[in-house]
Every structure is written in C-alpha cells, then in structure tokens.
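Residue numbers (this note's numbering): 3 to 391.
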Amino acid sequence: MFVDFFIRRPIFAGVCAIIIILVGAVSIPTLPIAQYPDISPPQVTVTAVYVGASAQVVEETVTNLLERQINGVEGSRYITSNSSDSGVSTITITFELGKNKDIAAVDVQNRISSVLSQLPSLVQQTGVTVSKETGTPLLGIGLYPDKDQYDSTFLSNYADLYLVDALKRVPGVNNVRIFGERRYSMRLWLDPNRLAARGLSAQDVVSAVNEQNVQVGAGQIGQPPIADSQTFQVGLRVLGRLAEAGEFADLVLRTNPDGSLVRLKDVGRAELGAENYGTFLRFRGQDGVGLGIFPVPGANALDVGNGVKAELARLSKSFPPGVKYRVAFDTTDFVQESISEVIKTLLEAVLLVILVMFIFLQDWKSTLIPAITIPVSLIGTFAFVKFFD
3 MFVDFFIRRP IFAGVCAIII ILVGAVSIPT LPIAQYPDIS PPQVTVTAVY
53 VGASAQVVEE TVTNLLERQI NGVEGSRYIT SNSSDSGVST ITITFELGKN
103 KDIAAVDVQN RISSVLSQLP SLVQQTGVTV SKETGTPLLG IGLYPDKDQY
153 DSTFLSNYAD LYLVDALKRV PGVNNVRIFG ERRYSMRLWL DPNRLAARGL
203 SAQDVVSAVN EQNVQVGAGQ IGQPPIADSQ TFQVGLRVLG RLAEAGEFAD
253 LVLRTNPDGS LVRLKDVGRA ELGAENYGTF LRFRGQDGVG LGIFPVPGAN
303 ALDVGNGVKA ELARLSKSFP PGVKYRVAFD TTDFVQESIS EVIKTLLEAV
353 LLVILVMFIF LQDWKSTLIP AITIPVSLIG TFAFVKFFD
C-alpha cells in the first residue's frame with residue numbers, strides 16, 4: 003500500500019525526490035571531513051611545566067598531585083602520565099566512548115583548579131593547560147632562515163608572538179603547537195667558587211631575584227586625606243620587572259658590614275638566551291622551528307587547511323627579511339585525493355549500472371527510472387548522515 007500511494011501520485015513522488023536531493027545537497031558542505039574517522043575514545047591532555055626540575059621532582063610535586071585530583075572524574079576509563087627531565091608533566095585522561103570532549107575538558111579543568119594553589123610557584127606562574135586536541139596535526143609548517151642570519155631562538159619567539167595567535171583565529175583550528183620551541187629567557191650563570199668565597203649559595207641568588215624582580219604599585223603622593231595646602235597629586239612609578247641583562251647583573255645579593263655590595267656580576271653573569279636547550283629542530287638543513295596545526299574535532303579538514311595556508315600567505319608578507327616557511331606535510335592532500343577517488347568510483351558505478359540495465363532491458367524508458375533513483379538515494383543519504391552525526 004505504501005508503494006501504491008506513490009505510484010498513483012507521480013507528481014507528489016517527484017516533489018519528494020527533489021526535496022530529498024535538495025536536503026542532501028545542503029547537508030554535504032556541513033559534513034565533517036577528516037583523514038581518518040573519529041573512532042578512538044575521547045582524550046583530554048593536561049600539561050604543566052616546572053622549569054629546571056628533574057623528572058623525579060616533577061613527578062613528586064606536580065604529576066602525583068594532579069593525578070590524585072583528576073582520578074575518578076566522571077566517565078574516565080584510565081589515566082596515563084609522563085614526567086620528563088625537561089620539567090614537563092603530561093597527563094592523558096581517556097574517557098568512555100560517547101563522552102563529549104568539551105564536557106570532559108571542563109570536568110578535568112574544574113578538578114585541577116581546586117589544587118592549583120598547592121603546586122610549586124613556578125608551575126603556577128606558567129599555568130596548567132587542559133587540551134582536547136587530536137593526536138595528529140593536520141598540517142606541519144617549517145619556519146627557517148634563508149641563510150644563517152637568524153637562530154632558532156629568534157624564530158621560535160617570532161612564531162610565538164606573530165604567528166601562533168593569528169593561526170589560532172582561523173576557523174576550525176583548535177591549537178597551534180611550536181616544535182623545537184626555544185623561548186627567550188634570562189639565564190643566570192653562577193660560579194660556585196665565587197659563591198663559596200663570599201659565603202653565598204644559589205638559593206641566595208634565587209631569593210634576591212624574587213625580591214628585586216617584582217612589579218609593585220607604589221601609590222601616589224598627595225592622595226587624600228591631605229592638608230588644604232596640598233594642590234598636586236602625583237602618581238609614583240618604580241622600577242619593576244627587570245628586562246636587560248645588565249639590570250640582572252646589578253642585582254644586590256648582600257650588603258657587607260663595611261657597606262660594600264655583592265652583586266650578581268661578582269659571582270656570575272646574566273645573558274639573554276633560550277629557556278631550554280634540550281630540544282632543537284632543523285629544517286632544510288638549517289636551524290628552524292615547526293608549527294603543528296591541530297583542528298577542532300569534527301572540523302572540515304579541507305576548509306581548515308585552506309584557511310591556514312591563506313593566512314600564512316598573508317602573514318609571510320610581513321616576515322623579517324630572510325625568513326621563509328614551507329608546508330612540511332599536509333594531510334589534506336590525502337583527504338582531497340580520497341574524495342576525488344570516491345567521486346570517480348561512484349560515477350563509474352552509476353554508469354556501469356545504467357549500462358548493464360539497458361543491455362538486459364533493451365529499453366531506455368525502463369532504464370531511466372532506476373537511473374534517476376540512484377542519485378536520489380546517494381545524495382539523500384548525506385541528509386541522514388548529517389542528522390545522525
């Protein structure tokens with residue numbers, strides 16, 4: 003009876019077929035496109051950095067504390083962690099299939115926020131990041147100098163200041179990670195013999211830096227309540243965060259009984275360098291840095307890739323002279339090739355089906371009916387894929 007209803011009403015059946023095709027065609031651009039289907043359990047990664055700490059110290063003071071707090075978060079299956087000698091603590095929480103990644107990340111973030119005050123001060127300063135990015139970058143970008151006029155520290159900081167934030171604003175980009183990163187940092191090199199000769203230790207230097215390298219509000223002169231004769235109110239600015247190597251070298255470590263001062267330059271030196279020399283990256287035979295582009299789960303890989311490439315082309319116009327970039331690897335090429343092959347296969351299959359039916363039926367009119375239903379079925383399928391996604 004259901005089939006007879008449409009047979010007796012061919013116009014209504016035709017309208018339904020057109021509607022199915024239109025809905026399916028509209029759904030196609032909104033479908034997620036990726037290199038591989040998202041069939042792995044959702045994961046959330048927690049990262050904390052304790053600069054200068056060994057793997058054992060990181061595990062005891064950071065990793066164990068965060069693990070105990072995260073353990074038991076709703077929907078979690080298991081937790082893995084890694085503490086490295088570079089001071090990085092990485093905790094990966096794997097959730098049950100079907101768990102929403104956004105909700106999982108919020109649950110983990112809420113648990114971590116309650117123990118932030120118990121972490122070492124250096125970890126609190128750098129912060130604890132919670133990410134739900136996919137494990138494999140969509141694009142890999144190499145940033146390198148045309149010659150050796152720039153080192154990897156300069157390139158790393160240029161990418162951090164001018165490229166990362168701009169690329170994160172591209173629709174569909176979840177995160178941009180710098181590989182071979184070397185952030186600028188003020189490095190203090192101490193001579194143990196000079197320290198011992200003056201009765202000082204490395205902790206004395208750390209204390210001096212913490213006490214004298216601070217930003218404070220000094221208030222104002224002439225702020226009420228004041229005498230009636232006071233006519234001016236002046237804001238005070240004091241020396242805050244130190245920025246130059248010479249300023250760090252002049253830090254006072256101790257005042258001797260005779261009034262003489264022991265400064266940092268008397269027991270060592272200060273220089274601007276990289277925060278960490280433990281990692282490096284070479285691209286096209288020269289020191290460089292890499293940019294990994296991680297898409298939002300479910301984003302259209304082709305749109306994200308094209309958007310990132312267009313943004314890089316725009317940003318490259320303001321690169322320092324001699325700085326170049328190149329796409330090191332691009333997974334969207336494989337995706338585009340796969341889509342092209344699928345379309346080609348579908349067209350070949352449709353043509354073969356029509357040809358075989360005509361050979362057996364020997365009538366174009368009888369062949370035309372299934373020839374029309376094939377694209378209706380194929381295109382209409384995309385509407386249901388979108389609905390159940």
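A virtual CB, placed ideally from N, CA and C, is assigned to each residue, including glycine.
Asked: Do the stretch 262-273 and the stretch 247-254 make contact, defined as three or more Cβ pairs closer than 8 Å?; Found: yes
Asked: Do you know how far the Cα of GLY144 is from the Cα of THR281?; Found: 16 Å
Asked: Alpha helix (DSSP H) containing ILE22: first to last residue?; Found: 12-29
Asked: Identify whether PHE234 lies in helix, strand or coil by the three-state DSSP scheme.; Found: coil
Asked: Do GLN217 and GLY242 have their C-beta atoms within less than 7 Å of each other?; Found: yes
Asked: Would you mind giving the Cβ-Cβ distance between ASP335 and LEU141, rounded to the nearest angstrom? I have them listed as a contact below 8 Å.; Found: Contact flag wrong, Cβ pair sits at about 10 Å.
Asked: Distance, Cα to Cα, CYS81 vs LEU33?; Found: It should be pointed out that residue 81 corresponds to Ile in this sequence rather than to Cys. Going from the Cα of ILE81 to the Cα of LEU33 covers about 32 Å.
Asked: Can you tell me which of the three DSSP states TYR327 falls into?; Found: strand
Asked: Are the beta-carbon atoms of GLU277 and ARG179 separated by less than 7 Å?; Found: no
Asked: Helix, strand or coil: how does DSSP classify ASN195 here?; Found: helix
Asked: Apply the 10 Å Cβ neighbour rule to ARG284 and answer buried if 16 or more other Cβ atoms are within range, or exposed otherwise.; Found: exposed
Asked: Pick out whichever of TYR52, LEU190 and ALA19 has its Cα sitting closest to the Cα of GLY89.; Found: TYR52
Asked: Please report how far the alpha carbon of PRO227 lies from the alpha carbon of GLY129, in whole angstroms.; Found: 40 Å
Asked: Select from LYS388, PHE389, PHE386 and GLY382 the residue whose C-alpha is nearest the C-alpha of LEU24.; Found: GLY382
Asked: So, with DSSP's three-state summary, where would you put ILE35?; Found: coil
Asked: Are the beta-carbon atoms belonging to VAL125 and GLY309 less than 7 Å from one another?; Found: no
Asked: Output the distance between the C-alpha atoms of PRO322 and SER158, rounded to the nearest integer angstrom.; Found: 13 Å
Asked: As a quick exercise: from VAL306, ALA301 and VAL329, pick the residue whose alpha carbon is nearest that of GLY292.; Found: VAL329
Asked: According to DSSP, is ASN308 helix, strand or coil?; Found: helix
Asked: Quick check on the burial criterion: 16 or more other C-beta atoms within 10 angstroms. Buried or exposed for SER340?; Found: exposed
Asked: Enumerate in chain order the residues of its own chain whose CB-to-CB distance from ILE376 is below 7 Å, with the five nearest sequence positions on each side excluded.; Found: VAL352 and VAL355
Asked: When the Cα of ASN389 is compared with those of PHE362, ILE20, VAL236 and SER29, which residue comes out closest?; Found: Asn is not the amino acid found at residue 389; the sequence shown has Phe there. It is SER29 whose Cα lies nearest to the Cα of PHE389.
Asked: Within this structure, are the beta carbons of ALA210 and ALA247 separated by less than 7 Å?; Found: no
Asked: Could you tell me which uninterrupted alpha helix (DSSP H) segments, each at least 4 residues in length, are contained entirely in the stretch 264-306, listed from first to last along the chain?; Found: 266-269
Asked: Nearest CA to the CA of ASP57: which residue from LEU163, PRO44, LEU121 and SER86?; Found: Per the sequence shown, the amino acid found at residue 57 is Ala instead of Asp. For ALA57, the nearest C-alpha among the options comes from SER86.
Asked: Am I right that GLN288 and TYR160 are in contact with their C-beta atoms under 8 Å? What's the rounded C-beta distance?; Found: At roughly 15 Å, the Cβ-Cβ gap does not stay under 8 Å, so GLN288 and TYR160 are not in contact.
Asked: So what's PRO173 in DSSP terms, helix, strand or just coil?; Found: coil
Asked: So if DSSP puts ASP332 in a beta bridge, which residue, or which two residues, is it bridged to?; Found: LEU141
Asked: Taking VAL337 and LEU304 to be in contact with their CB atoms under 8 Å, please state how far apart those CB atoms are, rounded to whole angstroms.; Found: 6 Å
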